[in-house]
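>
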Amino acid sequence: MRVLIVSANMGQGHNATGRALEDAVRERWPDATVSWLNALERLGPGFESLFQRIYVANVESVPWLYEFFYGAIWRIPWFAAASRWFTASWCGARLAKPVAEFAPDLVLSTYPMGTAGLAWLRRKGKLPVPLGAWVSDFAPHPFWVYGAADLTMVMHDVAVAPALRSSPSAHVGVSAPPVRAVFRPGDQPAARQELELPPDAFVPLVSCGSLGFGEIETTVRELLAADPSVVPIAICGRNDAVAARLRALDEPRLRVVGWTDQPELYTLAADVVVTNAGGATSLEALACGRPVLMHHPIAAHGKANARLMAAAGLALVSTKDDELAETVRGLLAEPERLKEMAEAVARHCETATPLRAALESLASAPLNPPTRRLRPEDALFVHVATPEVPQQVGAVLLFDPKPDGTPVTHADAEHLLAATPGLRTRLLPGSGLWRARWQEDPGRTSSDVLTSARVGPDAPLDAALTREMDAFFSEPVSPERPVRARLVTGIEGEQGALLIALHHAASDGIAVISALVGQARGKDPLVPVAAPRSRSRRRGWWSRPNVALGASHAPNATLGAFNAPNATLGALSEPAARSASVEGGGGGMDGAPNAALGASGAPNATLGRNRSQPGRSAVRARLAGLAAPVREVLARVTGPAWHGLDRPAGSAGGSGAAKPAHPKPGSSGKARSQAADLARGIWALARAGAAPRVRWDKRIDSPRRHFARAHLSAPEVRKAARRAAVPTTNLVLALVAEALHRELGGTAPEQLRVLIPMSVRDTGTFRQLGNHTGAASIDLPTGPMSLSERVRATDRMLSDQVGHGAPRAGNAVVRVLGILPPALHRRAAKLVYRGTWFSAIASVLPGARSPVVLNGALVRTVYPVLSLAPGVPVAVGIMTWADRFTVCITVPAGQEERGDRLAAAVVEAFGRL
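Heads up: the sequence shown runs through residues 369 to 1281, numbered per the numbering used here.
(1) How about P1190: is its Cβ closer than 6 Å to a heavy atom in the ligand MG?
(2) Determine the direct distance from the alpha carbon of A516 to that of Q630, and round the result to whole angstroms.
(3) Where do the ends of the alpha helix (DSSP H) carrying T478 lie?
(4) In whole angstroms, what separates the C-alpha of A1273 from that of M1247?
(5) Please give the ranges of any alpha helix (DSSP H) in the region 515-550, keeping only runs that are unbroken, at least 4 residues long and fully inside the region.
(6) Thinking A456 and G485 are a contact (beta carbons under 8 Å), I'd like their distance in whole angstroms, please.
(7) Using three-state DSSP, classify Y1231 as helix, strand or coil.
(8) Just checking my contact of H382 with Y479 at CB under 8 Å: how many whole Å lie between their CB atoms?
(9) Does the separation of the CB atoms of P844 and P1071 fall below 7 Å?
(10) Express the C-alpha separation of L1120 and A529 in angstroms, rounding to a whole number.
(11) Need the endpoints of the alpha helix (DSSP H) that D746 sits in, please.
(12) I'd like the list of long-range same chain contacts for A693, defined as Cβ closer than 8 Å, with 5 residues on each side in sequence excluded.
(13) Would you give the residue range spanned by the beta strand (DSSP E) that E808 belongs to?
(14) Smallest Cα separation from N644: which of V624, A655 and I666?
(15) Which residues bound the beta strand (DSSP E) around Q630?
(16) Taking the alpha carbon of V625 as the reference point, which residue from I603, D618, V641 and L829 has its own alpha carbon closest?
(17) Let me know if G493 comes out buried or exposed under the rule of 16 or more other beta-carbons within 10 Å of its beta-carbon.
(18) Pull up the DSSP beta-bridge partners for A668, would you.
(19) From S732, K707, V713 and D555, pick the residue whose C-alpha is nearest to that of P498; which is it?
(20) Could you give the distance in angstroms between the alpha-carbon of R1266 and the alpha-carbon of N1179?
(21) On the DSSP letters alone, give me the boundaries of the alpha helix (DSSP H) that S457 sits inside.
(22) Do A873 and V750 come within 7 Å of each other at the CB atom, strictly closer than that value?
(23) If you reduce the DSSP assignment to three classes, tell me which class M837 lands in.
(24) Of all the options L867, K707 and A827, which has the alpha carbon lying nearest to the alpha carbon of L855?
(25) Specify the secondary structure class of I859 as computed by DSSP and reduced to three states.
(26) Span of the beta strand (DSSP E) holding S820?
(27) Grab me the residues of L706's own chain with a C-beta within less than 6 Å of its C-beta, minus the 5 sequence neighbours each way, in chain order.
(28) Out of D689, G861 and D830, which one is the CA nearest neighbour of G773?
(29) From which residue to which residue does the beta strand (DSSP E) around D1147 run?
(30) Could you have a look at N406 and say whether DSSP puts it in helix, strand or coil?
(31) Would you mind stating whether V641 and R615 have Cβ atoms separated by less than 7 Å?
(32) Is the Cβ-Cβ distance between A1078 and V1255 less than 7 Å?
(33) Go through the region 693-767 residue by residue and report every complete run of the beta strand (DSSP E) that reaches 3 residues or more, in order.
(34) Going by C-alpha to C-alpha distance, which of I1068, K1066, L389 and R1252 sits closest to L727?
(35) Output the distance between the C-alpha atoms of G681 and G1142, rounded to the nearest integer angstrom.
(36) In the DSSP assignment, what residue or residues form a beta bridge with I1068?
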């Protein structure tokens, strides 16, 4: 085992942590070769002393400047990002050679700039071994924490949140104080006897680190004035001037100590440790079981350390003159208070991870996975989510008992859940500067997200399922675990129900059902497509594979399919409009991918391709570069994509010395037709305007929900659709319009705007993760008319919207919005996805037409669960499953009667039809 410790001579705190780690390494691996690397020394001649002088000057002379910089890296995201990038690249480039020469098996860092440089090496592929970072301050800050490190150890549970705020993708743990083994609870009377201290005195140890920062003289005077029983010890480190001034006080109770090699003995002898920085001195105090008094904390990190230590109950903070004396008098008057603090210190040291255990975990665990950016379609649901309107979708699977009469088991449910999109991921929501990202969590299994409940025996199906659904889906999934599931058994007749909720950013309805059906039938699970690593230097933000919204190497942001000319631009609708997925003939999950609209056989078709010309001016070239992302989006929506593959030589949009494309006859005409179709769709979206006003309660004041269910006979629905000469999707949406008319009564508007998500999946993306959807805003006819008239009017409106590019236009708009900086993207998403533009959500999803059996248990019914949108209090999910159409209506808690009436009205309207 070859271990490299990266530290710096900035005081002695970082090196003290490094020595503790070295001791733990040698204890665990006695034959290990340990080498040290001074990060500051590697920056170049003179940099180490320069940084030391700057640090001392900031703390002692211009603390306001230090405070400004420290606050800026928290308050100003772009400043933090730029500073981190510069520091990481500068340090990383200079650490690369010594790291490579030593060829370590394990790298440990105790200094922020060292961690930054090592993280840069990891991102560049130059550090393929485990990397651990120990934050030797109590309060981490953005320069301490990097997601590229495999393990970041902070000093207390209260420090985890700020660490993750600094870098959400970091793997953060809580470490026992990283100090030498001599710092441990011990015999206080023996230590006092050795140091010739009064056994019954109150002994505060004043230590301000190796550099002796702060107002040590003022601190000592306050302690002496607090009470005659106080016997202070002042350790001045290498600050000989302060030591001389303290000795000149000629105070018999005061013990003045300069540099000492036995700080642990003085710490054991003390009742409390008084300091002003909160670094190594505080960690040594905690390791010995001593509470801390933070007096006049130094600027920036000292004040941050003080706040967190106080929040953890390990320290008392005094920031004003004479406040320290009052604190000491309070502890003398209430000894139980000091005892409680000491117990809190002991609990922390007992529950934190020992250094040896942390090192073993770091050396044996997988490397911290890299992150990947969310596609704009997926990020939309991160941006629009609020505590009251979380964006989660799901499904409820109802199982018959197995042939032997037993219900579906926990193990059966775990097997099915193993294919759920997003199961092994965590969502990093991003910020005003950083885009939302996914990070794999390879250690997570379906058992980690599955809970069980038995409601029986023989609980009534409808009542039990309603109660369980309302309770389960009223609890939002978390970004850390974007998938939750619950198995409910004990329902009448030994039926069982599996409830699955997942963040809408992880998937759309088709991918969820496809994954579950595929798992039950033994198909390969859905897996995310990894973005290929670029071999050339990236020259601009639009060159990044996952941000160009359809750049040639962005498999997670593509439409169409290579060699799938019949499913290139398809709008395989979640309502599956006019497609065989609902009509018949290979519909549903058994054969839906080829049932698409707008098929094109023009693999070389592009939109607005603008090739560079030798004579183009610099200004025109720059403008073309800025327009490239938009052109790429439009090209993706109107032309083919190459899913994670290099484009064939000569294909449109190719790069390098590719040969000119030779389009097939008629392909250019099809491209123009598709572009015109897209333009018509965008124009339709633009002129739609705000949704007609609906007079119903739009309040959504909590994440609690109610779900009303119903089902229709699929064969009868298809017969009725054939009699009416309309697609089945249009027929069931007409039933929804009729139900909305009945619910609104005399206040029903002539038309009610409904957002209908429609899949743009094809054979290449049918089983990919994420949301491959567009949307059509349909003004369903809800005014007074007969049911047969409503069916014909609904069919006309759907045909007009869906048949003129609305779904693809909606998808294109979402992709173009994704080009905006994250803060603007968030605002734009919130602007377009709300009740101003639509009053309800409805989606018809293709399901399985043939039986689906899980280990002998027939999946009798599946209900799709949709989320609401801000200001939109109704969502209707409809799915074809075997011999029925299932209906699940989502409404806010408190509006249960509305949901139940709508579900009943759909059934009643179909009966009349």
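All residues carry an ideal CB built from backbone N, CA and C; glycine is no exception.
Answer, in terms of the structure:
(1) The ligand MG is not among the ligands present in this structure, which contains no ligands whatsoever.
(2) Along the sequence shown, read from residue 1 onward, the residue named residue 630 stands at position 262. Along the sequence shown, read from residue 1 onward, the residue named residue 516 stands at position 148. Distance between the alpha carbons of Q630 and A516: 37 Å.
(3) As a position in the sequence shown, residue 478 is number 110, starting the count at 1. It is not in any alpha helix (DSSP H) - T478 carries neither H nor E in the DSSP assignment.
(4) Here residue 1273 corresponds to residue number 905 of the sequence shown, with the count starting at 1. Here residue 1247 corresponds to residue number 879 of the sequence shown, with the count starting at 1. Rounded to whole angstroms, A1273 to M1247 spans 17 Å at the Cα level.
(5) 528-534
(6) Within the sequence shown, numbered from 1, the residue matching residue 456 stands at position 88. Within the sequence shown, numbered from 1, the residue matching residue 485 stands at position 117. That belief holds up - the Cβ atoms of A456 and G485 are roughly 6 Å apart, short of 8 Å.
(7) In the sequence shown, residue 1231 corresponds to position 863, counting from 1. Here Y1231 sits in strand by DSSP.
(8) Within the sequence shown, the letter at position 14 stands for residue 382. Within the sequence shown, the letter at position 111 stands for residue 479. About 5 Å separates the two Cβ atoms, so the contact holds.
(9) Here residue 844 refers to the residue found at position 476 when the sequence shown is read from its first residue. Here residue 1071 refers to the residue found at position 703 when the sequence shown is read from its first residue. Yes, the pair counts as a contact, with Cβ atoms nearer than the cut-off.
(10) The residue given as residue 529 occupies position 161 in the sequence shown. The residue given as residue 1120 occupies position 752 in the sequence shown. Their backbone Cα atoms lie some 45 Å apart in a straight line.
(11) Position 378 of the sequence shown, counted from the start, is the residue given in the question as residue 746. Looking at the DSSP string, the run of the alpha helix (DSSP H) that includes D746 is P744 to V752.
(12) Here residue 693 refers to the residue found at position 325 when the sequence shown is read from its first residue. These residues qualify, in order along the chain: E590, L591, A593 and A594.
(13) As a working mapping, residue 808 is identified with position 440 in the sequence shown. Segment R805 to E808, the beta strand (DSSP E) holding E808.
(14) Residue 644 sits at position 276 when you count from the first residue of the sequence shown. Answer by Cα proximity: I666.
(15) On the sequence shown, position 262 is the one that residue 630 refers to. That residue, Q630, is in no beta strand (DSSP E); it is neither H nor E in DSSP.
(16) Numbered from 1 along the sequence shown, position 257 holds the residue referred to as residue 625. Ranking I603, D618, V641 and L829 by Cα distance to V625 puts I603 first.
(17) By one-based count along the sequence shown, residue 493 stands at place 125. Exposed is the call here.
(18) Stepping through the sequence shown from its first residue, residue 668 is reached at position 300. Paired residue(s): none; A668 is not in a bridge.
(19) By 1-based counting over the sequence shown, the position of residue 498 is 130. Cα-wise, what sits closest to P498 is S732.
(20) Start at 1 with the first residue of the sequence shown, and residue 1266 comes out as number 898. Start at 1 with the first residue of the sequence shown, and residue 1179 comes out as number 811. When rounded, the distance between both Cα atoms is 31 Å.
(21) As a working mapping, residue 457 is identified with position 89 in the sequence shown. Residues P445 to F470.
(22) For the purposes of this step, residue 750 is identified with residue 382 of the sequence shown, where counting begins at 1. For the purposes of this step, residue 873 is identified with residue 505 of the sequence shown, where counting begins at 1. Yes.
(23) Position 469 of the sequence shown, counting from 1, holds the residue named residue 837. Helix at M837.
(24) The residue given as residue 855 occupies position 487 in the sequence shown. L855 has its Cα closest to that of L867, out of L867, K707 and A827.
(25) In the sequence shown, the residue the question calls residue 859 occupies position 491. The answer is strand: DSSP assigns I859 an E or B state.
(26) Position 452 of the sequence shown, counted from the first residue, corresponds to residue 820. Taken as a continuous stretch (DSSP letters only), the beta strand (DSSP E) holding S820 covers L818 to A827.
(27) Here residue 706 refers to the residue found at position 338 of the sequence shown. Within the same chain, L706 has close Cβ partners L699.
(28) Position 405 of the sequence shown, counting from 1, holds the residue named residue 773. With distances taken between Cα atoms, G773 lies closest to G861.
(29) Here the question's residue 1147 lines up with position 779 in the sequence shown. Per DSSP, D1147 belongs to the beta strand (DSSP E) from T1141 to P1149.
(30) Here residue 406 refers to the residue found at position 38 of the sequence shown. Of the three classes helix, strand and coil, the one that applies to N406 here is strand, per DSSP.
(31) Numbered from its first residue, the sequence shown carries residue 641 at position 273. Numbered from its first residue, the sequence shown carries residue 615 at position 247. No, the Cβ-Cβ distance between V641 and R615 is not below 7 Å.
(32) In the sequence shown, counting from the first residue as 1, residue 1078 sits at position 710. In the sequence shown, counting from the first residue as 1, residue 1255 sits at position 887. Taking 7 Å as the Cβ cut-off, A1078 and V1255 qualify as a contacting pair.
(33) 739-741 and 760-767
(34) For the purposes of this step, residue 727 is identified with residue 359 of the sequence shown, where counting begins at 1. Measuring from the Cα of L727, the nearest candidate turns out to be L389.
(35) Counted from its first residue, the sequence shown places residue 681 at position 313. Counted from its first residue, the sequence shown places residue 1142 at position 774. Spanning the two alpha carbons is a distance of roughly 52 Å.
(36) In the sequence shown, residue 1068 corresponds to position 700, counting from 1. None, per the DSSP bridge assignment.
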